[in-house]
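Structure first, commentary second.
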Amino acid sequence: MSSPLDWALLFADRHFPVGPLCRPTINGCSYSPHAKKAPCKYPGKTPIPYAGVRGFTTHPQKIQQFWQWYPDANVGVGMGGSHFAIESDGLKGEAWVQR
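Residue numbers (the working numbering): -19 to 79.
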């Protein structure tokens, strides 16, 4: 996989709804409407669609459209049901996950 769009399409093909997330920047949030409202609390993790994660989709055309609009976006994957994710931030978090 070489791009966020490739990853988004792969997850969607496996029936996970996906959508674009803000990319962290030195100023906080990469997506200006979020940045104008208030400092972004979760840079790199805030959904860009107006509907938030409810706007995520598995439809390839909509996903391609998202990444045309936001080419530098991170990939958000909708979780729920029996699916969950573990995220580690930094070396301490990675060591904890490995244990």
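We treat Cβ as the ideally placed atom computed from N, Cα and C, and that holds for glycine.
Predicted model only: the values in this text are computed from it and were never measured.
- Query: By how many angstroms is the C-alpha of H39 removed from the C-alpha of C2?
  - Reply: The sequence position of residue 2 within the sequence shown is 22, counting from 1. The sequence position of residue 39 within the sequence shown is 59, counting from 1. Their Cα atoms are separated by approximately 20 Å.
- Query: Excluding five sequence neighbours on each side, which residues of the same chain lie with their C-beta closer than 7 Å to the C-beta of V77?
  - Reply: Position 97 of the sequence shown, counting from 1, holds the residue named residue 77. Excluding positions up to five away in sequence, the list reads I66, S68.
- Query: Cα-Cα, which of G61, H63, I43, M59 is closest to S(-17)?
  - Reply: Indexing the sequence shown from 1 puts residue -17 at position 3. Cα-wise, what sits closest to S(-17) is I43.
- Query: Roughly how many angstroms lie between the CA atoms of G32 and R79, to the nearest whole one?
  - Reply: Position 52 of the sequence shown, counted from the start, is the residue given in the question as residue 32. Position 99 of the sequence shown, counted from the start, is the residue given in the question as residue 79. Going from the Cα of G32 to the Cα of R79 covers about 33 Å.
- Item | Assigned secondary structure, P(-3) (DSSP; H/G/I helix, E/B strand, else coil) | Numbered from 1 along the sequence shown, position 17 holds the residue referred to as residue -3. DSSP places P(-3) in coil when its eight states are reduced to three.
- Task: Mind reading off the beta-carbon distance from V55 to F(-4)? Whole number of angstroms is fine, and I expect it under 8 Å.
- Result: Residue 55 sits at position 75 when you count from the first residue of the sequence shown. Residue -4 sits at position 16 when you count from the first residue of the sequence shown. V55 to F(-4), Cβ: 10 Å. No contact.
- Item | Inter-residue Cα distance where the pair is W4 and V(-2) | Within the sequence shown, the letter at position 24 stands for residue 4. Within the sequence shown, the letter at position 18 stands for residue -2. The residue you asked about is not Trp; residue 4 is Pro in the sequence shown. Whole-angstrom Cα-Cα distance: 18 Å.
- Where K72 and F36 are concerned, what is the direct C-alpha to C-alpha distance, given to the nearest angstrom? As a first step, residue 72 must be located in the sequence shown, where it is residue number 92. As a first step, residue 36 must be located in the sequence shown, where it is residue number 56. Their Cα atoms are separated by approximately 31 Å.
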